[in-house]
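Everything on this sheet refers to the single structure shown next.
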Amino acid sequence: MSDALSPEPKPGANAGRSAHAGARKAAAKAARSRAREFALQALYQHLVGRNPAADIDRFTRDLSGFHKADSAHYDALLHGCIEEADALDAQIEPVLDRKLSELSPIEHAVMWIGVWELLHAPDVPWRVIINECVELAKSFGGTDGHKYVNGVLGSLAPKLRPAEVASDPRGQRRPPGAPE
7 MSDALSPEPK PGANAGRSAH AGARKAAAKA ARSRAREFAL QALYQHLVGR
57 NPAADIDRFT RDLSGFHKAD SAHYDALLHG CIEEADALDA QIEPVLDRKL
107 SELSPIEHAV MWIGVWELLH APDVPWRVII NECVELAKSF GGTDGHKYVN
157 GVLGSLAPKL RPAEVASDPR GQRRPPGAPE
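Residue numbers (our numbering): 7 to 186.
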């Protein structure tokens, strides 16, 4: 018998999920998004000022709101992108329509984050990576920088995540920004 104040859930509604699990997932996602934002700011400092990673890291961790970020993901992004900068650029450069040196430091850093995650964060779906990077470019970059980031990362996704892109549940549509 059902309590009149507690309506029975609809069949299939939140099957297998609790409200707490959904809240934890949302909080974790927000923490990773914040980690990307702080990593972008740190990578910008690296690209523009050529500051050492340790100095950038100390400065960034003191910024307001850092405690809400996923610090492990931030560490992986910051140190991974700096350590693999040449390899990341080697992935990015062939799909650019301009010289790498002509990219804004924001676009460059966002692309590093996207390529690094496509290569090293298999738990994050490729579409999420591209979307997060587009949002970073919208928030921190120039007027149309997000479109360029979308095109570059969309072109790289099938190469860096071939099985995942090929089995995309959205059908055989091209990834965002991929050439026809």
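Ideal placement from N, C-alpha and C gives every residue a C-beta, glycine not left out. On a predicted model such as this, the values are computed, not experimentally measured, just so you know.
Tell me the residue span of the alpha helix (DSSP H) that contains residue i.
i: proline 164; result: 151-166
i: alanine 115; result: 111-126
i: phenylalanine 65; result: 59-67
i: histidine 73; result: Careful: histidine 73 lies outside any alpha helix (DSSP H) and carries neither H nor E.
i: arginine 133; result: 132-146
i: leucine 94; result: 91-98
Express the C-alpha separation of residue j and residue i in angstroms, rounding to a whole number.
i: glycine 151; j: serine 70; result: 26 Å
i: histidine 52; j: threonine 149; result: 23 Å
i: glutamate 141; j: alanine 59; result: 24 Å
i: aspartate 95; j: glutamate 89; result: 12 Å
i: glutamine 97; j: arginine 56; result: 21 Å
i: leucine 92; j: arginine 176; result: In the sequence as displayed, the identity of residue 92 is aspartate instead of leucine. Between aspartate 92 and arginine 176, the C-alpha separation is close to 33 Å.
i: arginine 104; j: tyrosine 50; result: 20 Å
i: serine 145; j: valine 171; result: 26 Å
i: proline 77; j: tryptophan 118; result: Note that residue 77 is serine in the sequence shown, not proline. Distance between the alpha carbons of serine 77 and tryptophan 118: 18 Å.
Checking 8 Å against the spacing of the C-beta atoms, do residue i and residue j come in under that value?
i: arginine 42; j: leucine 102; result: no
i: tryptophan 122; j: glycine 86; result: yes
i: arginine 167; j: leucine 124; result: yes
i: glutamate 108; j: alanine 143; result: no
Under 8 Å by Cβ, that's how I've got residue i and residue j pegged, so tell me the actual separation to the nearest angstrom.
i: alanine 48; j: isoleucine 62; result: 5 Å
i: valine 116; j: leucine 46; result: 6 Å
i: phenylalanine 65; j: phenylalanine 44; result: Not quite, the Cβ-Cβ distance comes to about 10 Å (not below 8 Å), so this is no contact.
Once you ignore the five residues that flank residue i on each side, which residues in its own chain have a CB closer than 7 Å to its CB?
i: isoleucine 136; result: Gly120, Asn156, Leu159, Gly160, Ala163 and Pro182
i: histidine 79; result: Arg38 and Ala41
i: valine 54; result: Pro111
i: tyrosine 154; result: Glu113
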